[in-house]
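**Student:** One structure follows; several queries about it will come next.
Numbering (the numbering used here), first residue to last: 14 to 299.
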């Protein structure tokens with residue numbers, strides 16, 4: 014009922030703005046049919062028309078900054094001054110420079126050793142918040158970061174000096190023609206009836222058998238995002254320590270040559286791999 018009222022309201026608004034509307038039979042619900050794409054296009058046209066009408070009224074707003082101008086009364090000439098870009102005081106070229114300058118700012122406002130951990134946040138949280146905000150405002154106002162000289166850091170704060178590219182064949186190349194046709198048919202049917210694909214996708218039997226010793230601990234693992242769920246275990250023969258890896262792992266201590274997990278980076282023996290190394294003399298990636 015609510016969708017029907019919303020659609021009829023959109024049609025009435027279209028008649029008022031454009032003077033016409035698609036003919037719709039409302040005598041019976043069975044004779045009424047409007048697709049979601051038609052309603053979306055109709056709503057977009059209405060919003061554009063209303064925005065155009067708004068710019069012709071007193072409620073119009075401007076999102077740009079007006080330039081500075083000089084008016085010469087004798088000649089009547091108007092000179093637009095070029096926009097002045099303030100050069101920031103501190104140039105940050107690497108992570109060490111940023112930490113050093115940030116520590117100096119904390120020392121200026123009275124933080125011992127320039128370490129925010131030394132502030133008493135438990136007894137006076139408002140004062141600590143004000144100091145942190147003051148430092149952040151100075152960093153935004155005075156620091157100028159040079160992106161060409163700042164190293165890339167991973168999420169676990171390791172500097173990225175070497176990148177690894179794994180050239181894998183496309184997934185569709187490993188599928189049978191009947192499976193591809195089945196995916197196309199299922200996608201078309203689910204799109205027609207506005208079904209959510211993620212709620213109905215079922216994994217193949219051979220995929221659910223991978224790493225059964227790990228996945229069996231969680232009965233809902235097959236319906237979860239496995240990027241952050243352990244998919245591979247490795248036991249160090251010297252220490253006996255068991256390490257777990259997942260599909261989104263960024264740091265691999267060791268690679269198991271016997272790994273048979275197709276979703277892991279360990280399984281890359283048949284793929285072409287390239288190491289990207291920066292030449293310290295030419296500063297170019299090779």
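Every residue gets a Cβ at the ideal spot worked out from N, C-alpha and C, and that includes glycine.
Mind reading off the beta-carbon distance from residue 114 to residue 158? Whole number of angstroms is fine, and I expect it under 8 angstroms.
**Tutor:** The residue labelled residue 114 in the question sits at position 101 within the chain shown. The residue labelled residue 158 in the question sits at position 145 within the chain shown. Not really, about 11 angstroms apart at Cβ, beyond 8 angstroms.
**Student:** Could you tell me the alpha carbon to alpha carbon distance between residue 94 and residue 88, rounded to whole angstroms?
**Tutor:** What you label residue 94 is simply residue 81 of the chain shown in a count that begins at 1. What you label residue 88 is simply residue 75 of the chain shown in a count that begins at 1. The alpha-carbon atoms of residue 94 and residue 88 are separated by roughly 17 angstroms.
**Student:** Measuring straight from C-alpha to C-alpha, what distance separates residue 204 and residue 188?
**Tutor:** For the purposes of this step, residue 204 is identified with residue 191 of the chain shown, where counting begins at 1. For the purposes of this step, residue 188 is identified with residue 175 of the chain shown, where counting begins at 1. Distance between the alpha carbons of residue 204 and residue 188: 22 angstroms.
**Student:** Going by beta carbon distance, what residues of the same chain come within less than 7 angstroms of residue 117, once the five residues before and after it are set aside?
**Tutor:** As a first step, residue 117 must be located in the chain shown, where it is residue number 104. Once the five neighbours on either side are set aside, the close Cβ partners of residue 117 are 127.
**Student:** So, at 7 angstroms on beta carbons, what are the nonlocal neighbours of residue 125 in its own chain, with the 5 sequence-adjacent residues on each side left out?
**Tutor:** Translated into the one-based positions of the chain shown, residue 125 becomes position 112. Around residue 125: 131.
**Student:** Could you name the residues that DSSP lists as bridge partners for residue 157?
**Tutor:** In the chain shown, the residue the question calls residue 157 occupies position 144. DSSP output for residue 157 lists 104 as bridge partner(s).
**Student:** Going by DSSP, what residue range makes up the alpha helix (DSSP H) through residue 13?
**Tutor:** The first residue shown for the chain is 14 and the last is 299, placing residue 13 beyond what the model contains.
**Student:** Looking at the structure shown, is residue 252 part of a helix, part of a strand, or coil, going by DSSP?
**Tutor:** Stepping through the chain shown from its first residue, residue 252 is reached at position 239. Judged by DSSP in its simplified three-state form, residue 252 adopts coil rather than helix or strand.
**Student:** Residues in the same chain with beta-carbon distance under 7 angstroms from residue 129, minus the five sequence neighbours each way, listed in chain order, please.
**Tutor:** Locating residue 129 in the chain shown gives position 116, where the first residue counts as 1. Around residue 129: 119 and 145.
**Student:** Does residue 83 pass the burial test, meaning 16 or more other C-beta atoms within 10 Å, or should it be called exposed?
**Tutor:** As a first step, residue 83 must be located in the chain shown, where it is residue number 70. With fewer than 16 other Cβ atoms within 10 Å, it is exposed.
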